[in-house]
Amino acid sequence: MSRPVRFNVHPIKADIKDNISLVDMPQGYSGEGFFTTNLSSVVGLARKNSLWPLPFATSCCGIEFMATMASHYDLARFGAERLGFSPRQCDLLMVMGTIAKKMGPIVKQVYLQMAEPRWVMAVGACASSGGIFDTYSVLQGIDQVVPVDVYVPGCPPRPEAILDGFMRIQDLVGKESIRRRNGEQYKNLLQSYGIQ
Amino acid sequence: MSLTNETIKDRLKAKFGDQVSNFEEPYGLLTFETPKDLNLKVMQFLFDDEELRFQFLTDLTAVHYPGEPGRELAIVYHLHNLRDNIRLRFKVFTPIAQPDIFTATQLYAAANWMERETYDFFGVNFVGHPNLKRILNVDEMTYFPMRKEYPLEDQTRIDKDDAMFGRGPGGIVSPMDEKAGPSTVGQAGPLNTADAGGATSQETRAGQGADEVKH
Amino acid sequence: MSVEHHIKLPEGSIEKTTTTLNLGPTHPATHGVFQNILELDGERIVSAEQTVGYIHRAFEKLAERRPLYQITTLTDRLNYCSSPINNMGWHLTCEKLLGVKTPKRVDYLRVIIMELSRISDHLICNSVVGVDSGAFTGFLYVMQYRELIYEIYEEVCGSRLTTNMGRIGGFERNFNSSVWEKLEKFMAEYPAVLKEFENLFTRNRIFMERTIGAGPINAERALNYGFTGPNLRAAGVDYDVRVHTPYSSYEDFEFEVPVGSTGDCYDRFLVRNGEMWQSLRIIEQAYRKIQDMKGAEAEVYHADAPSYYLPPKKDVYTKMEALIWHFKIVMGETEIPPGEVYQSVEGGNGEVGYYLISDGGRTPYRLHFRRPCFIYYQAYSELTKGSMLSDAIITMSSLNLIAGEMDA
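Protein chains in written order, with my numbering: chain A, 10 to 205; chain B, -5 to 209; chain C, 8 to 415.
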C-alpha cells in the first residue's frame, strides 16, 4: 500500500514575503522619543535571543543535536549561533545523552563553572531520568546532581523536539525576574544540591 | 591446501595430547578447552606455527557459571587466521576462589584492554598484566558486577519503584519458576509476566504521570 | 621566611620537565566522552594515558535480562551513527542461533540499508575531521544528505537515529513506494555531492598538511592491536568481514575494498571516502537486483519463521495459532535452543561481533559485544607518541571513536 510522498522529494518553493517573524516589543509605555518598560523584560528579551549554549553531548542525543545544528533544522536562527565549549562563557548547559555515575561529578563541575544566570536543559530520556538504562552504572537523571530547567523527552528526541525545548528555555529566560538569582527560593534550591 | 577444522584439531592433539579436550563445532566454529596454565602455550603455538598462523585476537571475554563448582569462570578467546580465513574459539576454566590466568598481552597488544574489561566485570586476575585496573566502571567499585549474584539495578535508587516493574524485594519474582535453569541464580531470572504486572501497570502510568509534573 | 613553608609542591614536580594536560571528558569535538591525560614536552606529546568508561551503560548485563527482540534496542545504541548495521548484525546472530534462513530479497534489502548506514557513518566521521581541522562547510553540506538517509530510515521503521529496524527473519513491513522514490533521489543526487565534498578536501593543501603523517601505524602493529575496519585498511591490510565471511548475500555483489598504505589520518580519510563510493555501487546493484525480481518473489520481506516473526495482525485477530504465537513472541517466551554462536558484521568502524551464549531460557545467558572502537583506542598512545597536540586531536577524530560503542 503506497501513500503519497510528502517530504523533500518535490520541495515547495519557499515564500519569504510573510514568513519573516519579528520579535515583539515588550509591554510598556511609549511616547515621542521614549519607551518605558521594566528592566527585566528588556534584559530578558535580549538574553533569550542570544543564548550561548554549551552542548554537553555524550551519546546518541548528541548526534541529533548535530542534526539540529546543521542547516536543515538550524539552531542558529534562535540566536544560538555561537556554541561555546567553555562553561565560563555560556548561559545554557544542554546535557544530551546518558550520564554515567563516572561522569556525574564532571557535569556538576561544569555547572559550577558557569556564571549566573545559567539554565540547564536535559535533552533525551537518559539525561532526564536514566532512560532505558536502569543499571548500576548510569545516573538516573542529571537532576540528581544539578538543577534542571527544561526536560526534553525522547530517545533520541527529534530535532523539532530539541528546538521546542530550546524555545521553552527562551520563555523562561524572557520572563525571569532579575531578582530571582539572589532570592531565597533559588538559594534553597542550590543548597538542596549542595552548591553554595 | 586449505586449512580445515580437522587439520587444526589434529595438530593440536599431536602437540598437546590429552590436555586439549572438549572439541566441538557449534555452528561451524571449532571450540576446545585447555587447562588454565596452558593458555599461553596454546596461543603461542597457534601464533607461531607455519601452517596454523592464528595471529589475530578477535575477542577475549569471560562467562560466569555459578552452577559448576571449581570451574565457575570461563575465559573465552576467539582467534582468527586472516590468511586462510579460519576462526577458532578456546576456553580455559578457573575456579572463582583463585581466578589467576596468564596474560596474553605479550603476544597480542589487543589483549591489554580486553583483559582489563574482563577483570572489571568478573574479577579475573591476569598474572603479568602491565596495568590491571578497572576500566569501564568507577574505580571505587568494590564488587565485580557481571557475576550472576549481583543485580542489574542500582539498589540505592529511590525514584524507581521495583514493585511496579514486577521485581519484589527478594529479587525477581516469577510464577514460572519451574522453567528456571542455571541462569536464575540471584537476580537473573524470568520477569514476572503474570497478572501482577498487568494490573499494576495501569497505576504505574498514572502515578508516574503525576510525578513528572516537575517545576 | 622561605617559600617552602607556604607552598607544598607534589613529589618530583621541580625535576619534571613535562606538562600534564588533561584532554578531559568534555571536549569540543562533540565526539563523545573519553579522557586523555597527556604529558607534553612543549608542544610534543611524550605519553598519553586514556581513561574510558564515562558512558558505561552495562549493556551486557542488561542483555541478560531481556528477550531477544528487546536487545535490538540496545544494539542501536552501540555505534549510534550507523545503528541499522548493529541491528542487522544482531538479527543475523539470532538467525544463526535459531536456524532461520532469510530469502534473497530480504538479504538485498538489508544490504541496501546497511550500506546507507555505512555512508551516513563515514559522512559524520569525515566531515568532523574537516571541522576539527577548521573546515565547517563540508559538515553542513553533507548533513543535508544524512537527513535524506534519515528520511529513508523513517519510511522503513519510523525512527531516525536509533532505528530498532527489522525483525529476526526480515523486516516488519515491505518497503513502500516512498522508500524507493527517496532512494532513487539519493542515488541520483549523492554522487555529485560526494565529488564536491572530495574536491573540498582531498587536494586541499591545508588539509593535506594537517593530516599527512599524523598518527601513522604500520600493518603489523595494527593487526596486533586488533584493529579492524577503515583504520586497518588504511594501514594496508585488506580485511573486510563482508568479503572474508560474507553474510546477508554480500557475495552476490561486486565491489572493491579500498586500502591505504601508511595508516595516517589522510589515508583513513581517503579510505572512508573510497568506501562511500563502493557503498554507493553496492546500493545501485542491490536496487537493480530488487527491481528485477518479479511476481511472488518481489513481495517477500521476511522469512517464514512463525515462532520468531510476529504474525500479521489480521491473522492474530482471527486465527488461534497466530494469537498464541503473537503472545509468546511479545512476552518473550519462545524457545531459544541452547548453544553458543559468534557472528560478526562489518560495521562503520570494523568488525562488530556478537558472542551469544544461550542456555535455553528466554533471555541470553551471556551476550558479549566485540566492539571495534574499544579495541583500537588502546593504540592511541602509540599513535600519538612524539606528535604535536593538534595532530593528536585530529588523530582522535579520524579514528572515528564513538563513545557508545567504546564503553557499551
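Glycine residues also receive a C-beta, built at the ideal position from the N, C-alpha and C atoms. Given the structure is predicted, the values throughout are model-derived calculations rather than measurements.
Contact list for residue 153 (chain B) against chain A, beta-carbon separation under 9 Å
Neighbours of residue 153 (chain B) on chain A, chain order: 138, 139, 149, 150 and 153.
Between residue 66 (chain C) and chain B, is any beta-carbon pair separated by less than 8 Å?
Closer than 8 Å: no.
What are the start and end residues of each continuous beta strand (DSSP E) run of 3 or more residues lying completely inside the region 1 to 70 of chain B, in chain order?
Correct list: 15 to 18, 24 to 28 and 50 to 58.
Taking 8 Å as the cut-off, does the region 121 to 135 of chain C touch the region 144 to 159 of chain C (at least 3 CB pairs, one atom from each stretch)?
Contact between the region 144 to 159 of chain C and the region 121 to 135 of chain C is present, because at least three Cβ pairs lie under 8 Å.
Could you check if residue 416 (chain C) is buried or exposed, using at least 16 other CB atoms within 10 Å of its CB as the buried criterion?
Residue 416 (chain C) lies beyond the stretch modelled for chain C, which goes from 8 to 415, so this question has no answer here.
Proximity test, Cβ basis, 8 Å: residue 79 (chain B) and chain C
At least one C-beta of chain C is nearer than 8 Å to the C-beta of residue 79 (chain B).
Are there 16 or more other CB atoms within 10 angstroms of the CB of residue 152 (chain B), so buried, or fewer, so exposed?
By the Cβ neighbour-count rule, residue 152 (chain B) is exposed, with fewer than 16 other Cβ atoms within 10 Å of its own.
Which residue from C:93, C:330 and C:151 puts its Cα closest to that of residue 80 (chain C)?
Of the candidates C:93, C:330 and C:151, the residue whose Cα lies closest to the Cα of residue 80 (chain C) is C:93.
DSSP beta-bridge partners for residue 64 (chain A)?
A:103, per the DSSP bridge assignment.
Count the other C-beta atoms from every protein chain shown that fall within 10 angstroms of the C-beta of residue 137 (chain A), then say buried if there are 16 or more, exposed otherwise.
Answer is buried; the Cβ neighbour count reaches 16.
By Cβ distance below 8 Å, which residues in the same chain neighbour residue -3 (chain B) in space, the five residues on each side in sequence not counted?
Annotation for residue -3 (chain B): 45, 46, 75, 78 and 80 place their beta carbon closer than 8 Å to its own, counting only its chain and skipping 5 residues before and after.
Ends of the alpha helix (DSSP H) at residue 81 (chain B)?
Here residue 81 (chain B) belongs to no alpha helix (DSSP H); instead the beta strand (DSSP E) covers 80 to 88.
Nearest-angstrom Cα separation, counted from residue 328 (chain C) out to residue 265 (chain C):
Taking C-alpha positions only, residue 265 (chain C) is separated from residue 328 (chain C) by approximately 50 Å.
Contact under 8 Å by Cβ, residue 414 (chain C) with residue 62 (chain C):
Against a cut-off of 8 Å, the Cβ pair of residue 62 (chain C) and residue 414 (chain C) comes out as a contact.
Please report how far the alpha carbon of residue 228 (chain C) lies from the alpha carbon of residue 330 (chain C), in whole angstroms.
Rounded to the nearest whole angstrom, the CA to CA distance from residue 228 (chain C) to residue 330 (chain C) is 55 Å.
So, for residue 356 (chain C): in the same chain, excluding its five sequence neighbours on each side, which residues have a beta-carbon less than 6 Å away from its beta-carbon?
Cβ within range, chain order: 236, 379, 380 and 407.
Range covered by the beta strand (DSSP E) that runs through residue 56 (chain C):
Judged by DSSP secondary structure, residue 56 (chain C) falls within the beta strand (DSSP E) whose first and last residues are 51 to 58.
Is the distance from the Cβ of residue 182 (chain C) to the Cβ of residue 163 (chain C) below 8 Å?
Annotated as proximal: residue 182 (chain C) and residue 163 (chain C), with beta-carbon spacing under 8 Å.
Endpoints, beta strand (DSSP E) assigned at residue 196 (chain C):
For residue 196 (chain C), no beta strand (DSSP E) run applies; the uninterrupted alpha helix (DSSP H) run containing it begins and ends at 184 to 208, by DSSP.
With respect to the beta strand (DSSP E) encompassing residue 364 (chain C), which residues constitute its N-terminal and C-terminal limits?
Note, residue 364 (chain C): beta strand (DSSP E), 358 to 365.
With residue 373 (chain C) and residue 57 (chain B) assumed to form a contact (beta carbons below 8 Å), what rounded beta-carbon distance in angstroms separates them?
Going by Cβ atoms, the distance from residue 373 (chain C) to residue 57 (chain B) rounds to 5 Å, so yes, they are a contact pair.
CB contact below 8 Å: residue 89 (chain B) versus chain A
So, not an interface residue.
Could you check whether the region 234 to 248 of chain C touches the region 166 to 177 of chain C, counting it as contact only if at least three pairs of C-beta atoms, one from each stretch, sit closer than 8 Å?
Short answer: they don't touch.
Cβ shell of residue 195 (chain A) (< 7 Å), same chain only, five flanking positions each side left out
Within the same chain, residue 195 (chain A) has close Cβ partners 189.
For the pair the region 140 to 159 of chain A and the region 140 to 152 of chain B, tell me if three or more CB-CB distances fall below 8 Å.
Yes, the region 140 to 159 of chain A is in contact with the region 140 to 152 of chain B.
By the criterion of Cβ-Cβ separation under 9 Å, what are the contact partners of residue 278 (chain C) in chain B?
The premise fails here: residue 278 (chain C) is roughly 18 Å from chain B at the closest Cβ pair, so nothing lies under 9 Å.
Output, in chain order, the set of chain A residues within a Cβ distance shorter than 8 Å of residue 61 (chain C).
Per Cβ cutoff of 8 Å: 67, 109, 111, 112 and 115.
Work out the CA separation of residue 66 (chain A) and residue 134 (chain A) for me, nearest whole Å.
Straight across, the Cα-Cα distance linking residue 134 (chain A) with residue 66 (chain A) is about 13 Å.
Would you kindly work out how many angstroms separate the C-alpha atoms of residue 279 (chain C) and residue 42 (chain B), rounded to a whole number?
Spanning the two alpha carbons is a distance of roughly 33 Å.
Residue 66 (chain C) versus residue 275 (chain C): straight-line alpha-carbon distance, rounded:
About 29 Å.
Let me confirm a value: residue 72 (chain B) is counted as buried when at least 16 other C-beta atoms fall within 10 Å, else exposed. Which label applies?
When all chains shown are included, residue 72 (chain B) counts as buried.
Which value, in whole angstroms, describes the spacing of the CA atoms of residue 156 (chain B) and residue 150 (chain B)?
Answer to the nearest angstrom: the Cα atoms are 11 Å apart.
Give every residue of the same chain whose Cβ lies closer than 6 Å to the Cβ of residue 87 (chain B), excluding the five residues on either side of it in the sequence, and list them in chain order.
Here the set comprises 65 and 68.
Taking only the alpha-carbon atoms, compute the straight-line gap between residue 113 (chain B) and residue 135 (chain B) and give it to the nearest angstrom.
Cα-Cα distance, rounded: 12 Å.
Residue 211 (chain A) (DSSP reduced to helix, strand or coil):
Here chain A covers residues 10 to 205 and nothing more, so residue 211 (chain A) does not appear.
Cβ-Cβ separation, residue 112 (chain C) to residue 258 (chain C) (assumed contact under 8 Å), whole Å
Cβ atoms of residue 258 (chain C) and residue 112 (chain C) stay farther apart than 8 Å, at about 16 Å.
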